[in-house]
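A quick write-up on the structure given underneath.
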Amino acid sequence: MESLYSILIVEDDKGISGLYQKILQRAGYITESVFMGSDAISKALKDEHFLMLLDYDLPDMNGFKLSRL
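Mapping the sequence shown onto our numbering, position 27 (from 1) lands on 47, and the numbers just tick up by one.
As structure tokens, then:
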């Protein structure tokens, strides 16, 4: 059964992001990765059907600020 939701991985470390993506895809989830908070905001404005795995310390903002937008 395909999920209506995908998981957006917001992580500036590309190695960790790739690891999360690989683990989640093996578990059957659809994933997408972005590396900046601003990219996550752009994605959220285009698509409301996703869950977010969010790093706290991003280059352009912290995860708390991003989660409050």
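Ideal Cβ positions, reconstructed from N, Cα and C, are used throughout, including at glycine. Please read these numbers as outputs of a predicted model, since none were measured by experiment.
- About 7 Å separates the beta carbon of residue 74 from that of residue 87, a gap short enough to meet the 8 Å contact definition.
- Secondary structure note for residue 50: it is in no beta strand (DSSP E), with a DSSP letter that is neither H nor E.
- As far as DSSP is concerned, residue 84 takes part in no beta bridge.
- Note that the C-beta distance between residue 50 and residue 40 is not below 8 Å.
- In this structure, the alpha-carbon of residue 69 lies about 7 Å from that of residue 26.
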